[in-house]
Amino acid sequence: MMPEKKSRCGDDLETGAEAHRFAVQVTADSHFSWLRTRFSVERTAMSWVRTAVALIGFGFTIVQFFERLGTMKGTAPALIPHAPVYVGLALIGAGILAQVIALWQYRTILNYLGSGEFRAIGTRKANPILTPITVISIVMILIGLLAFLAVITRAI
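Heads up: take any position in the sequence shown, counting from 1, add 8, and you land on our numbering.
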């Protein structure tokens, strides 16, 4: 027979297969800890948006710069003329992929923070489907796809 586990407050915790990894206690400290975690998730999602914007923008800029450079007088022809297009497409694709993964991670963590264990210390309502970061992420994915299509149709 397993000995009963005690929490820091002296309350008995479940033992065996029913035991959770930790007990969630409804206190002001735990609520503010939950809020700090929630805001941390938001900051992480915003940093992924910035990263995706940089990758997509830099990829598109590389393509445009080298396309214009090739039309200037006095410049030597490129040894590998399509290399900037490939590099630009790779960066745009990496930005889109990063944003899709970040959006998936963001929604997964929000669902976890809104699950039954944390409902008492977190929000009273279910997690909203369209948060500002979700909308911005979707818009950035669409912009990235448009940039990818614009580069690929001009390269053909």
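Glycine included, every Cβ here is placed at the ideal spot set by N, Cα and C.
Check	Outcome
If you draw a straight line from the C-alpha of G96 to the C-alpha of V159, how long is it?	8 Å
What does a CB cutoff of less than 7 Å around T161 pick up in its chain, not counting 5 residues either side in sequence?	none
To the nearest angstrom, report how far apart G65 and L154 are at their CA atoms.	12 Å
Spatial neighbours of L63 within its chain, please: CB distance less than 8 Å, with the 5 preceding and 5 following residues excluded, ordered by chain position.	L99, I100, A102, G103, A106
Which parts of the region 34-116 are runs of the alpha helix (DSSP H), unbroken and 4 residues or longer, counting only runs that do not cross its ends?	36-79
Taking only three categories from DSSP, how would you classify G152?	helix
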